[in-house]
Each structure stands twice: as C-alpha cells, then as structure tokens.
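Numbering (our numbering), first residue to last: 1 to 482. Glycine is no exception: its CB is placed at the ideal position from the N, C-alpha and C atoms.
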Ligand code: 4AD
Ligand code: MG
C-alpha cells in the first residue's frame with residue numbers, strides 16, 4: 001500500500017486505490033482529512049454524503065481509523081495537488097468523541113507538558129509526528145554516513161561490569177531479592193551470588209569496548225542506548241539516551257575534530273533535504289512559540305537559517321586555555337544574569353560559560369580542546385606539560401548554540417605505562433579494566449573517537465527546547481512512567 005507522503009507527490013490517476021489512516025478532521029459530512037503517519041500533511045478524501053449511510057458518517061470521528069477507497073484526482077483545494085475522490089469508506093476502528101476530547105488527540109494546541117503526560121498518544125499530533133520522523137531520518141543518515149565511510153557498526157554490550165567514564169553514575173542491575181539478599185560474613189550484600197557472579201551495571205558508554213574493536217576493524221561506530229544515573233533534572237539530560245560513538249585507529253585529535261564536524265554537517269544536510277516538510281512545520285511552530293517569549297530570550301535565527309549556518313561555517317576550534325582567557329577578560333553582562341568570569345585555570349566550565357562562548361562570543365559552534373587532565377576521564381591522551389607546567393589531555397567537546405555540549409571525545413592514551421599510572425592515581429580498578437589496559441600491549445596505536453548525544457542532535461535539528469520531547473518515552477529522575 002502506498003503511503004500518503006508518496007501519494008501527495010504523485011500525479012492524479014484514474015486508478016482506484018485504498019488508503020488507511022486516522023481521521024484528523026471531518027468537515028461538512030464531506031471532507032475527511034486522513035493521516036497515516038508518513039507525512040505532516042493529510043490526504044483530503046472527498047465523500048458524497050448523499051450516497052453514504054448516516055450511521056457510517058456518524059462514525060467518522062477524529063482519531064478513528066479508516067480505509068478509504070477511491071481515485072486520486074486533481075485537487076481544487078488550496079495547497080494540495082491531489083485529493084481522493086472516495087467511492088467507499090470503512091471505519092476500521094472507531095474513536096468516541098467524548099473520550100477524544102479528554103486527550104491530546106483533540107484538535108487544539110496542547111502544551112508540551114500535557115503532551116508528555118500522554119506520551120502514548122502524542123506521536124499522533126503534528127509536532128511529535130514531525131519530530132519523530134526527523135529523529136528516524138537522522139538515525140538513518142548516521143548509519144549511512146559511517147557505512148559509506150567504511151566504518152563497521154560494533155554492537156557493544158548494554159550490561160557491563162565496568163564504569164567507562166569513571167564517574168560512578170551507573171544503574172546497578174541485580175537479580176538478588178532486595179528483601180532477603182545473600183550476605184557476606186561481614187553482613188554486606190554478596191554480589192558474588194548475583195546473576196553474573198559480580199556487580200553489574202547498565203552501560204554509560206560503549207567507548208572502551210569500541211576501542212578494542214577499532215584495534216581490530218580499524219574504524220567502528222556504536223549507536224545504542226546508554227544510561228546515566230546522574231540526578232540532573234535539566235532540559236538536556238536523560239537517564240536513558242542514545243549515543244553514537246565512532247572510534248578510529250590512527251586518528252589523532254585533529255582528525256577526530258575533522259570527522260566530528262564532517263559527520264554532523266552531513267547528517268544535518270540529509271535531514272534538510274529529506275525532511276523538508278517536517279522542518280518547515282517545525283520552523284513555523286518554533287516561530288509561533290518564540291513570539292510568546294520576551295525579546296531577549298528569542299532565538300536570533302529561524303530554524304532553517306540556523307541549520308544552514310552550521311552547514312556553511314567552520315566550527316571554531318579553541319583550546320581550553322584560550323577559552324579561559326576569553327572568559328577571564330569578559331565582563332559580566334549588565335543585568336548580571338550570568339557571571340561569565342572564571343578565576344582559575346583548571347576549573348570545569350559551567351553551562352553558562354559554554355553558552356557565553358558559543359552564543360555571545362564566537363556566535364557559532366565551538367570545538368574546545370586540550371582540557372586540564374584533572375577534570376577529564378582517565379583514558380584521554382596526556383599532552384606534554386605546557387610552559388607553565390600545567391597538564392592537559394587531548395579532549396574535545398563540541399558546543400552548539402542553544403544546546404551546549406553535543407559531543408564529547410578525545411584522543412585516547414595508547415601508552416601502557418602512562419595509562420596504568422593514570423588508572424592508579426585516579427582510583428580506576430585494574431581488576432575491572434585489565435582487558436582495556438592489556439590491549440595497550442599489542443600494537444597499540446594512536447586512536448581517537450567521540451560520543452554524540454543523539455537526543456541533543458535531534459533537539460538542535462527540530463528546534464525543540466526540551467530533551468523530553470525528542471525521545472518517545474523519556475526517562476528522567478523520578479519518572480519512568482509508561
Ligand atoms: O561527554 P560524554 O560523557 O562522553 C562519553 O561518554 C565518551 N565515552 C564518548 C566517547 O568519547 N566515545 O557523553 C557524550 C555525549 C555528550 O556530549 C552529550 O551530548 C551526551 O553524550 N550526553 C547526554 N545526553 C543526554 N542525557 C545525558 N544524561 C547525557 N550525558 C551525555
Ligand atoms: Mg562530556
């Protein structure tokens with residue numbers, strides 16, 4: 001069966017076809033707008049009320065599922081090429097108008113909060129239909145990009161025994177009876193008696209396993225769910241999110257930046273070309289939303305202009321040390337809403353610092369690199385000390401306007417002794433990561449990779465302001481409903 005997206009682009013034909021979808025509106029007992037999920041647009045189906053049973057007409061309600069048989073003819077209505085001249089309508093599944101009224105399926109503007117409470121129905125609204133189609137297209141574009149560049153997808157495990165980021169933000173999984181767990185002689189829970197014979201967790205990143213695969217297959221990427229038990233209730237953090245992690249043997253930090261920039265531009269370009277109707281819709285939606293905001297908080301660019309801007313301009317590459325100098329020399333803005341000043345080299349950047357750099361200072365995507373070793377993960381490649389004896393690692397974060405950090409990556413520490421020493425000083429247990437360390441004994445070469453937060457990319461491309469609105473069923477602290 002042809003999808004409505006394809007039918008709307010085709011020419012009128014005298015052939016009889018059937019479309020199946022859900023009723024979006026029914027006017028004057030004559031015009032049924034049917035949507036099958038394939039496009040933001042509805043197919044107008046024109047019925048002749050004279051020839052139709054009253055009982056049937058009464059069942060053609062919003063949200064009901066229908067099958068409409070007819071011929072595709074040139075449309076007299078504005079803004080559509082074709083419409084379906086219906087010869088037969090079947091209501092496949094009814095929807096009670098009184099029940100529909102209580103839900104987000106009712107035809108009025110619902111706020112995003114209400115939509116979140118009905119996550120099982122929201123995909124049937126225009127906004128979520130568009131966002132989820134764009135999300136799916138981005139996912140396809142990501143696979144396409146890496147496959148075309150000769151990468152292999154590596155399926156890294158979801159259940160792991162190790163903490164890839166060393167940040168202690170893992171969800172522990174356990175099959176032990178919480179009311180009556182087995183205890184050790186010291187009275188502690190005995191995880192040796194758990195399913196895996198040890199403590200295990202949901203992965204926070206597939207990077208470490210991907211590195212081992214890059215050492216065999218050369219260029220790999222992961223694309224899977226990752227889990228973080230960080231208690232951050234923000235519009236950018238999820239407890240379950242999807243991450244894309246390429247890992248490339250022989251790439252240094254510069255190569256890594258080149259790859260990340262080329263990759264992001266490619267997938268944005270794909271969506272602009274292939275989801276034009278949805279992007280148009282989302283741009284209009286955003287423009288409406290912006291109107292209700294105070295002038296100062298409005299986005300300076302409409303959605304498509306913003307996406308094109310990213311495609312056309314080089315990401316600005318700035319070292320952490322340079323960024324600190326900029327921040328130190330910047331004045332807090334008049335209203336003192338943000339304090340941009342940073343006193344110390346070595347401090348981690350807060351999101352207001354990042355926003356200042358991207359949105360106020362450079363006004364374009366920024367790649368920050370060479371961060372202080374102390375504030376970054378143990379696996380990053382150590383640089384030689386700088387003139388002032390400070391230690392940095394070959395890390396890079398990509399910061400996007402309105403989003404903040406969208407990518408985190410680095411060149412990896414390939415030297416056995418340096419890595420071992422780093423693990424010791426940072427308290428990373430060798431008994432968990434002996435395999436990661438051992439890999440450094442056998443042809444261990446320069447290699448690099450990064451992680452792109454998929455939902456943050458979807459946010460940027462769709463213009464949605466909250467990460468909860470770009471994933472079907474968001475998981476956040478205190479919320480795993482549905
Ligand atoms: O910077 P992060 O923590 O880096 C890593 O996990 C590395 N192992 C990646 C690598 O080098 N292979 O996370 C990478 C990206 C962030 O830049 C952000 O976009 C996203 O993942 N991210 C989250 N997205 C949504 N919710 C969260 N709680 C996120 N935490 C990180
Ligand atoms: Mg990070």
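- Using a Cβ-Cβ distance cut-off of 8 angstroms, the stretch 440-457 and the stretch 408-415 are in contact, since at least three pairs of beta carbons, one from each stretch, lie closer than that value.
- The stretch 65-77 and the stretch 97-104 do not touch, with fewer than 3 CB-CB distances between them shorter than 8 angstroms.
- The Cβ neighbour count for residue 243, taken over all protein chains shown within 10 Å, is at least 16; the residue is labelled buried.
- Between residue 377 and residue 229, the gap from beta carbon to beta carbon reaches 9 angstroms or more.
- Contact check for residue 326 against residue 349 fails: the beta carbons are separated by 9 angstroms or more.
- One alpha carbon belongs to residue 201, the other to residue 281, and they sit about 40 angstroms apart.
- In terms of Cα proximity to residue 418, the closest of 407, 134 and 383 is 383.
- Distance between residue 390 and residue 422, taken at the CA atoms: about 16 angstroms.
- Look at residue 189 here: in three-state DSSP terms it is strand.
- Screening all residues for a C-beta within a distance smaller than 7 angstroms of any heavy atom in the ligand MG leaves 397, 405 and 408, in chain order.
- With fewer than 16 other beta carbons inside 10 angstroms of its own, residue 58 counts as exposed.
- Note that the C-beta distance between residue 468 and residue 477 is not below 9 angstroms.
- Secondary structure note for residue 22: its beta strand (DSSP E) is the uninterrupted segment 13-27.
- When only Cα atoms are considered, residue 466 and residue 286 end up about 13 angstroms apart.
- Here the alpha carbon of residue 302 sits roughly 7 angstroms from the alpha carbon of residue 283.
- Residue 261 carries a helical assignment under DSSP once its states are collapsed to helix, strand and coil.
- Annotation: the continuous alpha helix (DSSP H) that includes residue 146 extends over 126-148.
- Here the alpha carbon of residue 164 sits roughly 35 angstroms from the alpha carbon of residue 309.
- Secondary structure of residue 434 (DSSP, three-state): helix.
- DSSP lists 227 as the bridge partner or partners of residue 240.
- Boundaries of the alpha helix (DSSP H) harbouring residue 276: 276-291, taken from the DSSP string.
- Within its own chain, the residues whose Cβ lies closer than 6 angstroms to the Cβ of residue 278, once the five positions on either side in sequence are excluded, are 40, 130, 133 and 134, listed in chain order.
- Between the stretch 137-147 and the stretch 198-218 there are fewer than three C-beta pairs closer than 8 angstroms, too few to call the two in contact.
- Relative to the ligand 4AD, the beta carbon of residue 207 is positioned inside 8 angstroms of a heavy atom.
- Assigned with DSSP and collapsed to three states, residue 86 falls in strand.
- Within the DSSP secondary-structure output, residue 248 pairs in a beta bridge with 219 and 448.
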